[in-house]
Amino acid sequence: MRKKLIKIIIAFILFLIAMIFKAENEWINISLYVISYIIVGFEIIRKALRNITRGKVFDENFLMTVATIGAFGIGEYPEAVAVMLFYQVGELFQSYAVDKSRKSISSLMDIRPDFANVEGKVEKVDPDDVEIGDIIIIKPGEKVPLDGVILEGKSSLDTKALTGESLPKDVTEGEEILSGCINLNGVLRVEVTKEYGQSTVSKILDLVENASSKKSKSENFITKFARYYTPIVVIIALFLALVPPLVIDGAIFSDWIYRALSFLVVSCPCALVISIPLSFFGGIGGASKMGILIKGSNYLEAISKAEIVVFDKTGTLTEGNFEVQKIMPVNITEEELLKTVAYAENYSNHPISLSVKNAYSRKINEVDIQSTQELSGMGIVAKIWDRDIIVGNEKLMKEKEIEFLKTDDVGTVLYVAIDNKYVGYILIADKIKDDAKKAIEELKKNNVKETVMLTGDKKSVGEDVAQKLGLDKVYTELLPDGKVKKVEKLLKEKSENGKLVFVGDGINDAPVLALADIGVAMGGLGSDAAIEAADVVIMTDEPSKIVNTIKLSKKTMRIVKENIVFAIFVKVLILMLSAIGLSTMWEAVFADVGVSVIAIINALRVLRVKNNK
Amino acid sequence: MKNKFKIKGLDCANCAAELERAIQKIEGVQSASISFMTEKLVIECDETQRDEIIKKIKKVIKREEPDVDIEEA
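Those protein sequences? They're chains A and B, same order as listed.
Take 1 as the starting number for the first sequence in the working numbering and just add one per residue.
Take 614 as the starting number for the second sequence in the working numbering and just add one per residue.
As structure tokens, this is what we get:
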């Protein structure tokens, strides 16, 4: 690239000398132009000659060579050199831009671990050579090379490269850790659970690197366009050079040849063709920076037309685990009420009991519990601190003939009575994710017509969540095949161009993920099933990332469209002006190189993604 | 099965598209995709003729884009 730049500079200086100090002797002038031309254009001419022998006449190199030599032929020396010069500048800029975006994406994806320290071996080992069951040591500052389970040690992990999340994650013995994270402070002894080829880091790298193989419609459109555009323009050029001088009275050959040569300059398709994949490449890279993996340019394109977004409830919009949401005491303190329930539920392993114990979070003095009896489907009757405790649902309260106030709260309600006197209730429910409401609102702002929630949960619970989040539709008490049927129905309802996006946790909704136009799996970090089944994988469990994806997709598509419209418009305009003789070869060079440079700069904008939460 | 190759020395995106079309036409190749940005060729082909097809691909590359190198990834 450097060599090319030097050539361009030397040629440009010679070109300027010839332009400014118009030498008295015309031959000196011409030789300056010719030398300058050869310095800058030699490569192109060489390739052009080689291509003619293989019959590739619509090749850029060939077109440029014909246009410039033609210009020399009709005595337009400065134009000839300028076209070649600017064409090379454009090429140089293009390879610089491509190189730059390739680099910025590979640095973005700089999660590939270089080595592993295997216990018992002094030297560092290639992660590829480590086997399942091997024990590896990860020191502070090193990348986690393979997925595994911590045997010993505590540390914080930087997961930013995988999730876009900037807060470090604390890990300790027994926990699973994923390759691609960076160990921040403690030394970890880890048993390897997956080979390198199957580990998270190589899956992610593979996915992002191959994403641009799945091409978008715009990309296919533009390569197809280029396929017809160039030959058509070249044929028109030929026609311009030959027909009008023969048909029109007084028309001069060199005039029309000049116009035809301008056509050849504008006929190069590359400017158009490069800016589109560049934009998508940038979009996919920018997304992975935010912890969003998009499996193909086609999906990045399609999600911009999201019309219906269907969510699974549990694990997607809600946390998927039960939590104490409300403590409503009557005549006692909140603290006392929670303590009473925690003691009563002490011996139960039901998820509900666990959530109460979590909320209480203090040591339970088991000697105080004299007896407990679990009444299946109703609750618990216990004797604690010499008092009769009843904790359970409505049915239990009625059976024990306790006067209580029924609540309208949705979720699991535990009514509590001490010595046959009602003392209040505790509400336990699945917690709605913090950013879920905002995500739904933002979807609406981004032209999503309908937001739908599907859940296998009870009607009251599902409708409550849907209402709190402001979803348009909710279907509850669905079995897995019921979800498939609902999505099929919704697919029929949407408009022809709109897309249906399904967002799930990827664990048991693979059929729906596959059925939707775009399947998005959330919390995909470490879940093979999710990465496998979905088109878009969100590494964190934030629903707001869907909004980020749609926004990024729209931005990418806007840039792609701008580039297509701008490039085609300028090219066609210059073609028309050249045909009637109003535009010179200088404008033609702009239409080729200038448009290419502008389109590339525009495409590079996609790469600048802020990690906005 | 998807076979991946690294493709080096592609001049421009349009050349990549043309090369892609040429490879798609090779007998036994079910699909071929070249990404200019990642310099990768991904093909799906009849596995029993794999070696044969790779030879043909190399030939096509030599004809279409003599400056391009291909290596298995």
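Just so it is clear, CB atoms sit at the ideal spot from N, CA and C, and this is done for glycine as well.
Note that the structure is predicted; figures quoted are calculated from it, not measured.
Selection of the region 269-282 of chain A by Cβ proximity to chain B, strictly under 7 angstroms = If you check each beta-carbon in the region 269-282 of chain A against every beta-carbon of chain B, the ones closer than 7 angstroms belong to P269, C270, V273, I274, P277, L278, F281.
Sort A:L577, A:G594, A:A603 by Cα distance to R259 of chain A and report the nearest one.
-> When the alpha-carbon of R259 of chain A is set against those of A:L577, A:G594, A:A603, the nearest one is in A:L577.
Assign T318 of chain A to one of three DSSP states: helix, strand, or coil.
-> T318 of chain A: strand per DSSP, three-state reduction.
Taking N616 of chain B as the query, report the chain A residues whose CB atoms sit under 8 angstroms from its CB, ordered along the chain.
-> The contacting residues do not exist; N616 of chain B stays about 12 angstroms from chain A at best.
Interface partners of K215 of chain A on chain B, CB under 7 angstroms | Within 7 angstroms Cβ-Cβ: S646.
Boundaries of the beta strand (DSSP E) in which M453 of chain A is found, first to last residue | Counting along the chain, the beta strand (DSSP E) containing M453 of chain A begins and ends at 450-454.
What in chain A is Cβ-close to T651 of chain B, meaning under 7 angstroms?
-> Per Cβ cutoff of 7 angstroms: E209, S212.
Is I135 of chain A near E191 of chain A, with beta carbons less than 8 angstroms apart?
-> Cβ distance < 8 angstroms, so I135 of chain A and E191 of chain A count as in contact.
Could you run through the region 218-231 of chain A and flag, in chain order, every residue whose CB is less than 7 angstroms away from some CB of chain B?
-> Within the region 218-231 of chain A, those residues whose Cβ lies closer than 7 angstroms to any Cβ of chain B are, in chain order, T223, A226.
Span of the beta strand (DSSP E), counted from its first residue to its last, around M650 of chain B = In the DSSP annotation of this structure, M650 of chain B is not part of any beta strand (DSSP E), being labelled neither H nor E.
So which residues on chain A does C658 of chain B lean against when the C-beta distance must stay under 7 angstroms?
-> Residues of chain A passing the Cβ test: none, with the nearest at roughly 15 angstroms.
Among A:V410, A:G411, A:V416, A:T412, which has the Cα closest to the Cα of F404 of chain A?
-> When only C-alpha atoms are compared, the closest one is A:V416.
Which of helix, strand or coil does DSSP assign to K613 of chain A?
-> In this predicted model, K613 of chain A has a pLDDT of only 37, less than 50, meaning its place in the structure is not dependable; the value taken from the coordinates is given anyway. Here K613 of chain A sits in coil by DSSP.
What residue from A:S31, A:G498, A:S297, A:L16 has the CA that sits closest to A306 of chain A's CA?
-> Out of A:S31, A:G498, A:S297, A:L16, A:G498 has the C-alpha closest to the C-alpha of A306 of chain A.
Taking 8 angstroms as the cut-off, decide whether the C-beta atoms of S553 of chain A and D435 of chain A are in contact.
-> No, they are not a contact pair.
Compare the C-beta of A635 of chain B with all C-beta atoms of chain A and state if any pair is closer than 8 angstroms.
-> Interface residue (Cβ-Cβ distance to chain A less than 8 angstroms): A635 of chain B is not classified as such.
Taking one C-beta from the region 78-91 of chain A and one from the region 106-124 of chain A each time, how about it: are there three or more such pairs within less than 8 angstroms?
-> The answer is no - the region 106-124 of chain A does not touch the region 78-91 of chain A, with fewer than three Cβ pairs under 8 angstroms.
What residue does the alpha helix (DSSP H) around A514 of chain A start on, and which one ends it?
-> Taken as a continuous stretch (DSSP letters only), the alpha helix (DSSP H) holding A514 of chain A covers 510-515.
C-beta neighbour in chain A for V642 of chain B, strict 8 angstroms = Chain A, which has no Cβ nearer than 8 angstroms to the Cβ of V642 of chain B, makes this no.
Kindly indicate if chain B contains any beta-carbon less than 8 angstroms away from that of R102 of chain A.
-> It does; some Cβ of chain B falls within 8 angstroms.
Can you list the residues of chain B that E60 of chain A reaches, using a CB-CB cut of under 9 angstroms?
-> What E60 of chain A touches in chain B: D624, C625, N627, C628.
Pairwise C-alpha distance: V310 of chain A and V503 of chain A | Straight-line Cα distance between these residues: approximately 6 angstroms.
Which whole-angstrom value describes the C-beta separation of I559 of chain A and V536 of chain A, a residue pair presumed to lie in contact below a C-beta threshold of 8 angstroms?
-> Not a contact, Cβ separation roughly 19 angstroms.
Would you please verify whether the beta carbon of A608 of chain A is less than 8 angstroms from any beta carbon of chain B?
-> The sequence shown places Arg at residue 608 of chain A, not Ala. Residue-level contact by beta carbon fails for R608 of chain A and chain B, as no gap is shorter than 8 angstroms.
Counting only the same chain and skipping the five closest in sequence on each side, list residues whose C-beta sits under 7 angstroms from that of A342 of chain A.
-> Excluding sequence neighbours, A342 of chain A sits near V356, K357, Y360, I364.
C-alpha gap between I292 of chain A and P511 of chain A, whole angstroms = In this structure, the alpha-carbon of I292 of chain A lies about 21 angstroms from that of P511 of chain A.
Distance, Cα to Cα, V448 of chain A vs A599 of chain A?
-> Answer to the nearest angstrom: the Cα atoms are 29 angstroms apart.
Grouping DSSP H, G and I as helix and E and B as strand, with all else coil, what is L582 of chain A?
-> Looking at L582 of chain A - three-state DSSP - the assignment turns out to be coil, as it is neither helix nor strand.
If you run the structure through DSSP and keep just helix, strand and coil, what is C181 of chain A?
-> Strand.
Tell me whether K617 of chain B sits in a helix, a strand or coil according to DSSP, three-state version.
-> Strand.
Measure from the C-beta of R676 of chain B to each C-beta in chain A and report whether the shortest distance is under 8 angstroms.
-> True, the Cβ-Cβ gap to chain A drops below 8 angstroms.
Find the residues of chain B that neighbour R54 of chain A, judging by a C-beta separation of less than 7 angstroms, and give them in chain order.
-> Those are R676, listed as they occur along chain B.
Same chain only: Cβ atoms within 8 angstroms of K437 of chain A, ignoring 5 sequence neighbours per side | The residues are K468, L469, G470.
Counterpart residues of A417 of chain A in DSSP-defined beta bridges = Under DSSP, A417 of chain A shares a beta bridge with A:I390, A:Y422.
Step through the CB atoms of chain B and report whether any lies within less than 8 angstroms of the CB of L5 of chain A.
-> False, the Cβ-Cβ gap to chain B never drops below 8 angstroms.
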